[in-house]
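Chemist: Once you've had a glance at the structure underneath, I'll fire off some questions.
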Amino acid sequence: MTRLRRIVRALGPAVGPVHLREMLRACIGAGIGLTLCTFLVRWTTIPASAIGLDPTLLLIAPLGATAMLAFAVPSSPLAQPWPALVGNTVSALVGVAVVVLVAEPWLAMGLSVTLAMMAMMVLRATHPPAAGVALGVVLTAETVREVGFSYAFSPVMLDTGLLLIVAMLYNRLTGRMYPFRQPVEHVPRAVATKGLRPGVEGAELTAILQNLRLDANIGAGDLARLIEAAHGIAAQHLFDGVAAGQLMARGVISAHPQMPVSQIAALFRQHKVRTLPVVGFDGVFQGLVSEADLVRTWHDAEGHAATGVVSRLLRASREGVEPVAAEMMTREVATAQEATPLGTLIDLLADGAQQAVPVLDAGRLIGLVTRADLIAALARAHHPEGA
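The sequence shown begins at 1 in the UniProt record's numbering and counts up one residue at a time.
Here it is in C-alpha cells:
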C-alpha cells in the first residue's frame, strides 16, 4: 500500500494550486496576445495551397504554447525572449530546409524535430513549442516549399516577436517581471560581517543548476531569491524560543529630533554608548544616531579628518548654530518587535549596516537590542551554567 501511494503521489500534480487572481491574469494576457497574433497571421501574405493546410493558421498552435509559457510561467528559462524568438525562428528554418531536401513525409517529420532540438540546444534557445513549429512546417510542406525560407521570418519570427512584446508589457503592468531578473553579482564582504547569509555569485548559482541538471527548469535569478527566502526562514528558526523582548534593554537613553549635536556627543561620552535612538516628543521612533554619524557630521562641517570628534563637538555649541539630531540621524533602519526571533536579530546586525535594532510597538520605542546584547545571549546559550 505504501508503494502504491508513492506511485500515485509521483504521478500527481508537481506544482501547488494556482490562485484565481493569477489564473485570470495569465489567461487574459495569453488571450490578448494570441488574438493580436491571429490578426497578424491572417494579414501575412503567404499563398495558400489548394492541397494541405494553411501554414499561417497552423502556426497558431505552437504560438499558443509559447503564450502559455510567457504569460503563465514568465520566470521560466524556457519562456524568456531569447529562447522563444530564436527557438521558433531557427526551428522554422530547419523545417523548411528538411522539406526542401527530404521528400518522404515520415522521415521529414522526425528529422525536422530532431534537428530543430539540436539547433536550439546549440544556440542555448531551448523552447519546447518551437518543436511544434518545425513539425508544422513539415505538415504544410506543399505550401511552405513555394514560400521558401522567408516563412521563418514572416510570419514565424514576426508573430513570435509581437507575442513577446505583448507579454513584456502585460506582465509588467500586472506585477510580474518579464524578462526575468538576472542575479546580482555578489560583492565580497569581510569575514566578520558575513552574518547568516553568505553571498553566492551569479556564476556560482548557474554552476549549481547545471550540476543538478536544473538549468532548463529554473533560472539563476529565481534560485537566488529562493536561497534568500530560505535564509530568512532559517534565521527565524535559529534559537527558537528566544525573542527580542527577552534581550532588549528597556528605559533606553534617547535623543529628541531637535537636540543639538553637542548634547548628543555629551550623551555618548556620559553613557558610553555607540548608538542613540531618536524619539519624538510623542514617543514615536524616528531614526538612529551613531558615532559614525557624529564623525560624518563633523567631517562635513570642517572639511578634514575628525580627530577628537567628541571634544570638538562639545566646543562647537559655543561657536554658532549646530546641526541637530533630525539632520544627522539615519532614518531608514531595520526595526523589530518584541516577538522577533533571536536569529532574525543576528541577521539584521551581522551585515554591519547598523549597531543596534530598535524594538517598536505601534511605532513607539520600547527597547533596543545592541550587538553586545546578542553576544551576551549567545554566550549564555553556549555556557548556560554561567548564566
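Built from N, CA and C at the ideal position, the CB exists for glycine as well.
May I have the straight-line CA-CA distance separating V242 from P341, to the nearest angstrom?
Modeler: 6 angstroms
Chemist: Between the C-alpha atoms of V290 and A70, what's the straight-line distance to the nearest angstrom?
Modeler: For clarity, residue 290 is Ser in the given sequence; the question names Val instead. Distance between the alpha carbons of S290 and A70: 48 angstroms.
Chemist: Here's the rule: buried if 16 or more other CB atoms are within 10 angstroms of the residue's CB, otherwise exposed. What is I165?
Modeler: Taking all protein chains in view, the Cβ of I165 is surrounded by fewer than 16 other Cβ atoms within 10 Å, so the residue is classified as exposed.
Chemist: For N211, count neighbouring Cβ atoms within 10 angstroms of its own Cβ and tell me buried if that reaches 16, exposed if not.
Modeler: exposed
Chemist: Whole angstroms are fine: how far does the CA of M259 sit from the CA of H304?
Modeler: Confidence is the limiting factor: at H304 the pLDDT is only 47, short of 50, which leaves the residue's position unreliable and the question unanswerable from this model.
Chemist: I'd like the ranges of any alpha helix (DSSP H) spanning at least 4 consecutive residues and lying wholly in the UniProt domain "CBS" (248-307).
Modeler: 261-271, 291-302
Chemist: Along the chain, where does the alpha helix (DSSP H) containing I366 start, and where does it finish?
Modeler: Counting along the chain, I366 falls outside any alpha helix (DSSP H), though it belongs to the beta strand (DSSP E) covering 364-370.
Chemist: Count the other C-beta atoms from every protein chain shown that fall within 10 angstroms of the C-beta of F153, then say buried if there are 16 or more, exposed otherwise.
Modeler: It is exposed - the Cβ of F153 has fewer than 16 other Cβ atoms within 10 Å.
Chemist: Determine the burial state of P129: buried for a count of at least 16 other Cβ atoms within 10 Å of its Cβ, exposed for fewer.
Modeler: buried
Chemist: By Cβ distance, which residues of its chain are closer than 6 angstroms to T174, with the 5 residues on each side in sequence left out?
Modeler: Counting only Cβ-Cβ distances below 6 angstroms, and skipping sequence neighbours, we find R25.
Chemist: Going by C-alpha to C-alpha distance, which of F285, G283, A249, A84 sits closest to V273?
Modeler: Closest by C-alpha distance to V273, out of F285, G283, A249, A84, is A249.
Chemist: Just verifying my parser: in three-state terms, what is the DSSP assignment at L115?
Modeler: helix
Chemist: Would you kindly check if the distance between the Cβ of T297 and the Cβ of M329 is under 7 angstroms?
Modeler: no
Chemist: Helix, strand or coil for P341, going by three-state DSSP, please let me know.
Modeler: strand
Chemist: Please classify V184 as buried or exposed, where buried requires at least 16 other C-beta atoms within 10 Å of its C-beta.
Modeler: Its pLDDT being 46, under 50, V184 is placed unreliably by the model, and the measurement read from it follows with that caveat. Exposed, by the Cβ-count rule.
Chemist: To the nearest angstrom, how far is it from the Cα of R3 to the Cα of H127?
Modeler: Those two C-alpha atoms are separated by around 35 angstroms.
Chemist: Would you report the Cα separation of A97 and R225, rounded to the nearest angstrom?
Modeler: Roughly 42 angstroms between the two C-alpha positions.
Chemist: Using DSSP with H/G/I as helix, E/B as strand and the rest coil, what is R6?
Modeler: Correct three-state label for R6: helix.
Chemist: Give me the Cα-Cα distance between L205 and I264, rounded to the nearest whole angstrom.
Modeler: 46 angstroms
Chemist: Counting only the same chain and skipping the five closest in sequence on each side, list residues whose C-beta sits under 8 angstroms from that of A61.
Modeler: G132, G136
Chemist: Label residue 390 either buried or exposed according to how many other C-beta atoms from any shown protein chain fall within 10 Å of its C-beta, with 16 as the threshold for buried.
Modeler: Summary: the structure shown does not reach residue 390, with the chain confined to residues 1 through 387, and so no result is reported for it.
Chemist: Can you name the start and end residues of the beta strand (DSSP E) that P358 belongs to?
Modeler: 356-361
Chemist: Evaluate M109 with the Cβ neighbour count: other Cβ atoms within 10 Å of its Cβ, from every protein chain shown; 16 or more gives buried, anything less gives exposed.
Modeler: buried
Chemist: Which residues mark the beginning and the end of the alpha helix (DSSP H) in which E142 is found?
Modeler: Note, E142: alpha helix (DSSP H), 141-147.
Chemist: If you run the structure through DSSP and keep just helix, strand and coil, what is V324?
Modeler: When secondary structure is reduced to three states using DSSP, V324 falls in the strand class.
Chemist: The alpha helix (DSSP H) spanning V73 covers which residue range?
Modeler: Looking at the DSSP string, V73 is not in any alpha helix (DSSP H), and its letter there is neither H nor E.
Chemist: Compare the beta carbon distance of V94 and A125 with 7 angstroms and say whether it is the shorter of the two.
Modeler: Using a Cβ distance threshold of 7 angstroms, V94 and A125 do not count as a contacting pair.
Chemist: Determine the direct distance from the alpha carbon of A255 to that of P323, and round the result to whole angstroms.
Modeler: 13 angstroms
Chemist: My assumption, with CB atoms under 8 angstroms, is that L85 sits in contact with G161. Please give the rounded CB distance.
Modeler: The pair is a contact, with the Cβ atoms about 6 angstroms apart (cut-off 8 angstroms).
Chemist: For D361, count neighbouring C-beta atoms within 10 Å of its own C-beta (all shown protein chains included) and say buried if the count is 16 or more, exposed if not.
Modeler: So D361 ends up on the exposed side.
Chemist: Just the C-alpha distance for A350 and D373, rounded to the nearest angstrom, thanks.
Modeler: The alpha-carbon separation between A350 and D373 amounts to approximately 13 angstroms.
Chemist: Per DSSP, A336 is paired with what?
Modeler: V359
Chemist: Just verifying my parser: in three-state terms, what is the DSSP assignment at T160?
Modeler: Taken through DSSP and simplified to helix, strand or coil, T160 comes out as helix.
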